[in-house]
Amino acid sequence: MKNTLLLLFFPVCCMSQIAIEKPQADGSGLLDFPTGTHNGIILPRVQNSEMMTSTEPGTLVFDLTTSRIKYFNGSWADLSDKTGTNPTLLPGNDIISSGVIMGAPTSTATGVLVLESSDKALILPKVIDPVNNVKSPAAGMICYDPNTKLICVYNGSEWFFWK
Numbered sequence: 006m007k008n009t010l011l012l013l014f015f016p017v018c019c020m021s022q023i024a025i026e027k028p029q030a031d032g033s034g035l036l037d038f039p040t041g042t043h044n045g046i047i048l049p050r051v052q053n054s055e056m057m058t059s060t061e062p063g064t065l066v067f068d069l070t071t072s073r074i075k076y077f078n079g080s081w082a083d084l085s086d087k088t089g090t091n092p093t094l095l096p097g098n099d100i101i102s103s104g105v106i107m108g109a110p111t112s113t114a115t116g117v118l119v120l121e122s123s124d125k126a127l128i129l130p131k132v133i134d135p136v137n138n139v140k141s142p143a144a145g146m147i148c149y150d151p152n153t154k155l156i157c158v159y160n161g162s163e164w165f166f167w168k
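With our numbering applied, the sequence shown covers 6 to 168.
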């Protein structure tokens, strides 16, 4: 009986808003984080973005071949202004497969975390001054600085910023 109730409840959870380390998501956020955290989202690290199949527009990755952040909008676009450092991955940590789908019961997209919604968005973790406050950033980390109003990305060597 417990398992049946859990299975009935699970699809409802996947379609709701998720707040991490805070009581509720702001506005129309599908996935939201608190202001002032020292943690960001680490983008999936892929061996070579150009070799990925079944890529959906809107995909963000850290390309280990070029040590750059890449965005897929029908073709791969380089979002990094400088080449970073390629982190060494342990075998099995370069997985590109279906994972968790949030916002819809199913998705045709392939990814570790797929946010699928027509009216909700990802709200990046809000890190105030990540250059000084994130002590050990990982290559491919992304966050938002609410003070400077910039998207901040760590390329493995240094931070760069998008308006």
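We treat Cβ as the ideally placed atom computed from N, Cα and C, and that holds for glycine.
Where the beta strand (DSSP E) through V119 begins and ends: The residue labelled residue 119 in the question sits at position 114 within the sequence shown. That run of the beta strand (DSSP E) goes L118 to L120.
Please classify D99: does DSSP put it in a helix, a strand, or coil? Locating residue 99 in the sequence shown gives position 94, counting from the first residue. Because the pLDDT of D99 is 49, which lies under 50, any placement of that residue in the model is unreliable, and the question is left without a value.
Whole-angstrom C-beta distance between S72 and N91, which should lie under 8 Å: Counted from its first residue, the sequence shown places residue 91 at position 86. Counted from its first residue, the sequence shown places residue 72 at position 67. Their Cβ separation, rounded to whole angstroms, is 5 Å, which keeps N91 and S72 in contact under 8 Å.
On the three-state DSSP scale, how would you describe M146? Here the question's residue 146 lines up with position 141 in the sequence shown. Residue state, collapsed to three classes: strand.
Where DSSP assigns a beta bridge to K75, which residues make up the other side? The sequence position of residue 75 within the sequence shown is 70, counting from 1. V66 and D83, per the DSSP bridge assignment.
Mapping DSSP to helix, strand and coil, what is V51? In the sequence shown, counting from the first residue as 1, residue 51 sits at position 46. It is a strand residue.
Which two residues bound the contiguous beta strand (DSSP E) that contains V158? One-based indexing of the sequence shown puts residue 158 at position 153. Here the beta strand (DSSP E) through V158 covers L155 to Y159.
Please list, in chain order, all residues of the same chain as K168 whose beta carbon is under 7 Å from its beta carbon, the five residues on each side excluded. Numbered from 1 along the sequence shown, position 163 holds the residue referred to as residue 168. The beta carbon of K168 sits closer than 7 Å to the beta carbons of L155 from its chain, once the five residues preceding and following it are set aside; these are given in chain order.
Please work out which residues of its chain come closer than 6 Å, Cβ to Cβ, to E26, disregarding the five sequence neighbours upstream and downstream, and give them in chain order. As a first step, residue 26 is located in the sequence shown; it is residue number 21 there, counting from the start. For E26, same chain residues with a beta-carbon under 6 Å away, outside a window of 5 residues either side, are P39 in chain order.
Taking all protein chains shown into account, decide if M56 is buried (16 or more other Cβ within 10 angstroms of its Cβ) or exposed. Within the sequence shown, numbered from 1, the residue matching residue 56 stands at position 51. M56 comes out exposed.
How would you write the range of the beta strand (DSSP E) that V105 sits in, first residue to last? One-based indexing of the sequence shown puts residue 105 at position 100. Looking at the DSSP string, the run of the beta strand (DSSP E) that includes V105 is V105 to M107.
Relative to the C-alpha of T42, which candidate in T113, I133 and T153 has its C-alpha closest? Position 37 of the sequence shown holds residue 42. Comparing Cα positions, the closest option is I133.
Starting from G34, trace the beta strand (DSSP E) both ways and give me its first and last residue. Sequence index remark: in the sequence shown, residue 34 carries index 29 (1-based). Residues G34 to D37.
Which residue wins for smallest C-alpha separation from E163, given the options P28, D86 and T58? The residue you call residue 163 lines up with position 158 of the sequence shown. With distances taken between Cα atoms, E163 lies closest to D86.
With a cut-off of 8 Å on the beta carbons, I'd call L120 and L69 a contact; round off their distance for me. Within the sequence shown, numbered from 1, the residue matching residue 120 stands at position 115. Within the sequence shown, numbered from 1, the residue matching residue 69 stands at position 64. About 23 Å separates the CB atoms of L120 and L69; that is not less than 8 Å, and the two are not in contact.
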